[in-house]
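Student: The structure under discussion is supplied below as structure tokens; questions concerning it will follow.
In this note's numbering, the protein residues as written are 16 to 308.
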């Protein structure tokens, strides 16, 4: 049941904003970044502005869908986790019915935007939906559910690149691979803050799967990201600005990998490193755009 205003002390529209995580923009931006990487690189730094707008709105709609679906799946689990117990569906400040309606609206918005795209991009958008819907279930059965999330993130590259070129070329797959590894890295960092709760309630995560080797695994994921982005820079003939941004990103990931090796990091440190990856992503975006000229 939806709580009364006296119980909730918060307007319904504000609760829905929290359901969509719009009060935490870093999670929305970090999905937008690979889409922008792809659309600018595929267009050699000069994509049509309407297409950029579609990609920005599309990532907002799909991330909203993902958040609501995740919270519907986890509404009885989230109350057991320190980080998620105040989410609207977990705290019962929104009803399941409202959650489903919001999910349908988000999916409808994404569908409308997809009709702007060419045939290949449209069907890639359709293919991404089952991955988004099933990811929360993967946390119950698949040992590394962050891989499923990373594949979902990778669709942002495939959709955006093909929206410009109407095809998928070797550089597309280099960027796709870099995005998958980067997502595996930063989302494993994020999962480390929930290790104790996830272990207690039986939820699977890459942080639990790798255990004491999680910092090493994250370092390998970030190193693979750098290698694939370097290959992308060579294959697309990007100029010095890109290589400077890649050097900055590499330094950031090396620092994070070193810090993760420290014992007894506070849980807040993992969220901080997650947010740092948003800045790293935008630094790389600036380097990619500048490197095209």
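Built from N, CA and C at the ideal position, the CB exists for glycine as well. Note that the coordinates shown come from a computational prediction; the quantities given were computed from them, not determined experimentally.
With DSSP as the reference, label residue 82 as helix, strand or coil.
Tutor: For residue 82, the secondary structure class from DSSP, reduced to helix, strand or coil, is helix.
Student: Can you tell me which of 217, 288, 191 and 307 puts its alpha carbon nearest to the alpha carbon of residue 241?
Tutor: 191
Student: Please say whether residue 90 and residue 104 have beta carbons closer to each other than 8 Å?
Tutor: yes
Student: Nearest CA to the CA of residue 159: which residue from 280, 45, 226 and 28?
Tutor: It is 226 whose Cα lies nearest to the Cα of residue 159.
Student: With a threshold of 16 other CB atoms inside 10 Å of the CB of residue 270, please say whether the residue is buried or exposed.
Tutor: exposed
Student: Let's see if you can read the secondary structure: which residues bound the alpha helix (DSSP H) around residue 270?
Tutor: 255–275
Student: Please name the residue, chosen from 54, 101, 221 and 122, that lies closest to residue 198 on a Cα-to-Cα basis.
Tutor: 221
Student: DSSP on residue 159, reduced to helix/strand/coil?
Tutor: coil
Student: The alpha helix (DSSP H) that contains residue 247, what's its start and end?
Tutor: 229–250
Student: Does DSSP classify residue 176 as helix, strand or coil?
Tutor: helix
Student: Answer yes or no: do residue 154 and residue 115 have a C-beta to C-beta separation smaller than 8 Å?
Tutor: no
Student: Please work out which residues of its chain come closer than 7 Å, Cβ to Cβ, to residue 181, disregarding the five sequence neighbours upstream and downstream, and give them in chain order.
Tutor: 133 and 135
Student: Residue 97 by DSSP, collapsed to three states: which one?
Tutor: coil
Student: Out of 151, 172 and 173, state which residue places its alpha-carbon closest to the alpha-carbon of residue 163.
Tutor: 151
Student: Taking just the CA atoms, how far does residue 260 sit from residue 301?
Tutor: Looking at the two C-alpha atoms, the distance is approximately 8 Å.
Student: Specify, as a first and last residue, the run of the alpha helix (DSSP H) that residue 210 falls within.
Tutor: 210–216
Student: If you draw a straight line from the alpha carbon of residue 43 to that of residue 250, how long is it in whole angstroms?
Tutor: 29 Å
Student: Could you tell me the alpha carbon to alpha carbon distance between residue 48 and residue 211, rounded to whole angstroms?
Tutor: 30 Å
Student: Pairing CB atoms from the segment 114–131 with CB atoms from the segment 62–74, are three or more of them under 8 Å?
Tutor: yes
Student: Extract the residue ranges of the alpha helix (DSSP H) inside the segment 89–136, only unbroken runs of 4 or more that lie entirely within it.
Tutor: 111–129
Student: Within the continuous alpha helix (DSSP H) that includes residue 303, where are the two ends?
Tutor: 282–306
Student: Just to confirm before moving on: does the CB-CB distance between residue 34 and residue 93 stay below 8 Å?
Tutor: In this structure, residue 93 does not lie closer than 8 Å to residue 34 by Cβ.
Student: Less than 8 Å between the C-beta atoms of residue 304 and residue 60, yes or no?
Tutor: yes
Student: Straight-line CA distance for residue 117 to residue 76?
Tutor: 11 Å
Student: Would you kindly work out how many angstroms separate the C-alpha atoms of residue 19 and residue 112, rounded to a whole number?
Tutor: Confidence is the limiting factor: at residue 19 the pLDDT is only 44, short of 50, which leaves the residue's position unreliable and the question unanswerable from this model.
Student: Judging by CA-CA distance, which residue of 186, 288, 290 and 285 is the nearest neighbour of residue 52?
Tutor: Answer by Cα proximity: 186.
Student: Between residue 147 and chain C, is there a C-beta pair that is closer than 8 Å?
Tutor: Within the model displayed, chain C is absent; a lone protein chain is all it includes.
Student: In chain order, what residues of the same chain have a beta carbon less than 6 Å from the beta carbon of residue 232, not counting five sequence neighbours either side?
Tutor: 225
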